[in-house]
Each structure stands twice: as C-alpha cells, then as structure tokens.
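Number of protein chains: 2
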Amino acid sequence: MKLYEFEAFPNPRRVRMFLAEKGVSVDRIQVNVPEGEHRTDAITAKNPSATVPFLEFEDGTCISETTAISRYFEAKQPKPSLFGATPADQGRIDMWQRRVEDGLFNAILTYFHHATPGLGELELYQNKDWGENNRERAHKTMLWLDRELANRPYVAGDTYSIADITALCGIDFCKFVELDIPADCANLQRWYDEVASRPSAAA
Amino acid sequence: MKLYEFEAFPNPRRVRMFLAEKGVSVDRIQVNVPEGEHRTDAITAKNPSATVPFLEFEDGTCISETTAISRYFEAKQPKPSLFGATPADQGRIDMWQRRVEDGLFNAILTYFHHATPGLGELELYQNKDWGENNRERAHKTMLWLDRELANRPYVAGDTYSIADITALCGIDFCKFVELDIPADCANLQRWYDEVASRPSAAA
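Order-wise, the sequence lines are chains A and B. The opening residue of the first sequence carries number 7 in the numbering used here; numbering runs sequentially from there. The opening residue of the second sequence carries number 7 in the numbering used here; numbering runs sequentially from there.
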C-alpha cells in the first residue's frame, strides 16, 4: 500500500496526522504538484480527480479524498476511535467534521486559491470576491468554535477526533495566509495549544 | 426523535431516501425556510448552522448535516449497508460520496444560489460567476459519471450506496434548474432510470 501526497500541503497533512494518531505507518510517495505532476496521465490514471492525497492498494485500486482515506484506516483499525464509537458519537463527530471542513479548512483554502496568487499557473480559475468571502467565513468559524470550546475540551466533544485534526490543519493554514486566531478567542487558543502540542501535529 | 426538514429541498430528500432504503420511519417537522424560520432563535438554538435537515434526540441534542444524520442511522441499523461493509468498501463509497456531493450536488446548488434568483431575499451573498462556474462543474461531473458507469452498475461499485442517493438528488436538482443529462450519456441515463424507479426515490 502506498500513500501519494505532497508533503507541504494541508490535505496530506490531515492524513499523516490521522495515521500518527492511529500509530499506523504507510509508505509515502511524493507527487510534485507545483510542477503539475498531479495532472500527468500516470497520476490521473490512478486518481482522475488529480488531487493528493490518495491511497493505492496492492491490486492497483485507489481511494482519493482525505476523509475517505481516513475512513478506510478507521475501519481497518478502530482504536483509538477518531470517528466515534457509538451511533450518536459518529453522527456528532461527522457533523463537526463537516462544519470545520466546510467553514474553516475548505474556506481558507478557497481564499488561498481564489484571492491570492495561490499555486500560480496551476490555478485554472480564480474568483477574488469568492475568495475574500471565504476568508471571512473562516474568521467567523473561528469565532463560533471559540464559543463552542467554552463548554468542552475538543471540537466534537469530550474526546479528540478527526474534527480536531481538520480544525488544526485549517487554523495552521489560516496562519500561513496571515489570518491569526482572534486575540479574544481564549477558548480556541487553549484548544489550539493543546492539539498543536500532540506528537501527531508534527507528522 | 424528530427530523426537522423542509420537504421541497434536496438535502432533506437525501435523508428521506436514506431512511426509506433502511426502512426506518422518523417523525418529521417542517421548518418554513422560504419564510426564514430556519434563522429564528428557536431553530438556531437547536442548529446554529441554520440549515435543514437536522435531527433532534429525546435529550434535546441535535445532529445537523445530511451525511452526518445518515451516518447515525447507518450505525444504528447497519443493514442494508449504504456506507459499505468492509474497510475498502467504506473508503471507496466515502470517496464517491464526496466526489458526487462536491462536483455534482453541491455544484448545482451553488449555481442555483449564486447565478439564479435562488431563494430571493434569503440569499445573503451571491456571486454569479462562481455560480456559472459550478454549473459547468456539474455538467462535467455528469460526463465523468457516464464514463465510470460503463463499467459498474452503481456510482461506487456493484451495490447501491449513499453515493447513488446523493447523485440522484443532484441530477434531479440539475433537471430542476434545466440542466439535463447530456443526450449522449447512455450509461448515466441507464443508471438514472434504475435508481429513480426505486421506491426510495419518491420518499
């Protein structure tokens, strides 16, 4: 089994953090996205979406999409559970995973790709106003998370989950594009300091 | 347990179809979204995202997000499996669920909300160019699905899954905004005719 990625990017980091929390090791192959390797026939034959990360099995079949790859490993090795053990936990974690992915992680990546030079010539379509709107969405999601984290230790409840990984990678990408955690968000900052100090954050 | 929804909308339909395939019945409460009821304090106290559908448990806690609600019911009643039984199935179905949700279902809803009058005064921000770009993405995803469906009966493999529900609701919303299945997409049309004739499609 091989994990195709580009190490500097935030979605591959999400998978590496997930694997680190599981204690699972997978061979990694770098796809040179800045030079367009993700759009070569050799890669799109494996992943027509032309994205990283994706996972290739021994039989040649592949799974792309960050959460889908994580889901595979959760099913293979359920403990420690990062998607939730009970039905209610699974539903709640999936809800928060979606909320922080859409409102924070994807929002700030959208800002990067649309309202900054992004990946330069690799950007096939840019819409600056859409990008700026998403930067504001990411900011608002941080304010929302701060209110939520007044009442519980982690994004989706009492235990660390995939939603914490997504939120941490989202906030670190916010920092990368110079959108810091708002100064008055003490709950979010407390949460950030804890999850950023886990060994998985350096994976 | 209560399911809050607005029956005419496509995301609530996805949950109803999921429940119909599971043979599960849940009390439903209509939230009058066209009149702005989803943004009232009574509703946002339950679901701060101000979206439908969402599920309310007897203890007052709620789960929003279409896929998260479906995930809860999958865990409660695993058969028939709509998210996959084996780890590889779960990964592959999650991948296709994401691909058709992002590239088809969400894309065509984005077109509706941004490049048409959408929900009128309820639209807080519109970006016509982004909407038109997403209409084209939905079109391209239909062409891609047509190629994929040359080799298998369902979106994610040999069995019906949540990805078929998402794709069907996406294509029916395409039809609603006058983007039909391309005439030369015989595989996609064959798939559509089958899944649209299942009893769940009328749920």
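We put the beta carbon where it would ideally sit given N, CA and C, even for glycine. Here the structure is a predicted model, which means the values were calculated and not measured.
By the Cβ criterion, the stretch 101-119 of chain B is in contact with the stretch 67-85 of chain A, since at least three pairs of Cβ atoms, one from each stretch, lie closer than 8 Å. The beta-bridge partner set that DSSP reports for G163(A) consists of Y160(A). Contact with chain B is found for W136(A), since one of that chain's Cβ atoms lies less than 8 Å from the residue's Cβ. Of all residues in the stretch 95-106 of chain A, only D95, Q96, G97, R98, I99, D100, M101, W102, Q103, R104 and R105 place a beta-carbon less than 9 Å from a beta-carbon of chain B.
Looking at the DSSP output, Q36(B) shares a beta bridge with E11(B). The stretch 192-209 of chain A makes contact with the stretch 151-158 of chain A, as at least three CB pairs between them are under 8 Å. No Cβ-Cβ contact shorter than 8 Å links A26(A) with A162(A).
According to DSSP, F60(A) shares a beta bridge with Y10(A) and S70(A). For N38(A), the closest alpha carbon among the candidates Y10(A), F63(A), P159(A) and I187(A) is that of Y10(A). By the C-beta criterion, the stretch 167-184 of chain A is judged not to be in contact with the stretch 155-175 of chain B, since fewer than 3 inter-stretch pairs fall below 8 Å. Within the stretch 141-158 of chain B, W150 place their CB atoms closer than 8 Å to a CB of chain A, listed in sequence order.
Straight through space, the alpha carbons of I49(A) and G42(A) are spaced by roughly 10 Å.
V106(A) sits in a helix when the DSSP states are folded into three classes. Contact between the stretch 113-132 of chain B and the stretch 95-102 of chain B is absent: fewer than 3 CB-CB pairs across the two stretches fall below 8 Å.
With a threshold of 16 other beta carbon atoms within 10 Å, S31(B) falls short and is exposed. Shortest Cα-Cα distance from K82(A) to any of S206(B), Q96(B), K85(B) and P18(B) involves Q96(B).
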